[in-house]
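Chemist: Here the numbering used here is used: the first residue of the sequence shown is 357, the next is one more, and so on.
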Amino acid sequence: MVATIAASYCRDPDDRADLAQEIATQAWLAWPRYDPARPFPTWLYRIALNVAITRVRRVGLRSRHAVPFDPALHDIADPNAADPQAEQQVRALYRFIHAQRPLDRALLLLYLDGRNHRETAEVLGLTETNVATKIGRLRQRIRDEL
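1. Would you kindly work out how many angstroms separate the C-alpha atoms of Ala488 and His454, rounded to a whole number?
2. So what does DSSP say about Asp460, is it helix, strand or coil?
3. Got a sec? Which residues, its chain only, sit under 6 angstroms from Ala362 by beta carbon, not counting five neighbours each side?
4. Assign Leu417 to buried or exposed, taking buried as 16 or more other Cβ atoms, counted over all protein chains shown, within 10 Å of its Cβ.
5. Taking buried to mean at least 16 other C-beta atoms within 10 Å of its own C-beta, is Glu501 buried or exposed?
6. So what's Arg474 in DSSP terms, helix, strand or just coil?
7. Apart from the five residues just before and just after Arg413, which ones in its own chain have a Cβ nearer than 8 angstroms to its Cβ?
8. Buried or exposed: Val415, going by 16 or more other Cβ atoms within 10 Å of its Cβ?
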C-alpha cells in the first residue's frame, strides 16, 4: 500500500523511496494515537495520502511543467503478457494517474485498490456523495481520454 502510493506520487525512484520512508516515519509517530477500534488500513491510507499530498504541495508546480520520460512506466508492462494491448492500456492508465491533481490521484488509488465509497470518504475526509460524484467524473475522464 505504501509503495503504491509512493509510486503514484513520485516518478523518480529515489523520491519514491524518500516518500515511503517519510510515510513510515509519520505512521510510527502517529502510532500512539491509533484507535484499535478503527480499521488499520484506513488509518495507514490516510497518513500515507496526507504525507504524499503534503509533499506534492511542498514541491509545488515544478514537476507539473516538466514531465520527463519515466523508464519505470515503460517497464510496468510484462513483455511476456498474452495481451499486449491490455499492457498498453495499463501504461496509459498509469500516465493518466500521474497527470492528476493530488486529490484525484488519491481517489483513483483508493478506487483501484477496491475501497468502497465509505472507506474512501473516511480516508480523505469527504462525504460519501462527494466521493461517488468525483469517482464517477474521473471514470468518465478515463473513458474519454483512454
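Yeah, the Cβ is synthetic: ideal placement off N, Cα and C, and Gly gets one too.
Modeler: Per the coordinate set shown:
1. Distance between Ala488 and His454, taken at the CA atoms: about 21 angstroms.
2. helix
3. Cβ neighbours of Ala362 beyond the five flanking positions: Arg372, Leu375 and Ala376.
4. For Leu417, the predicted structure reports a pLDDT of 47, less than 50, and the residue's modelled location is therefore unreliable. The matter cannot be settled from this model.
5. So Glu501 counts as exposed.
6. helix
7. Pro458
8. exposed
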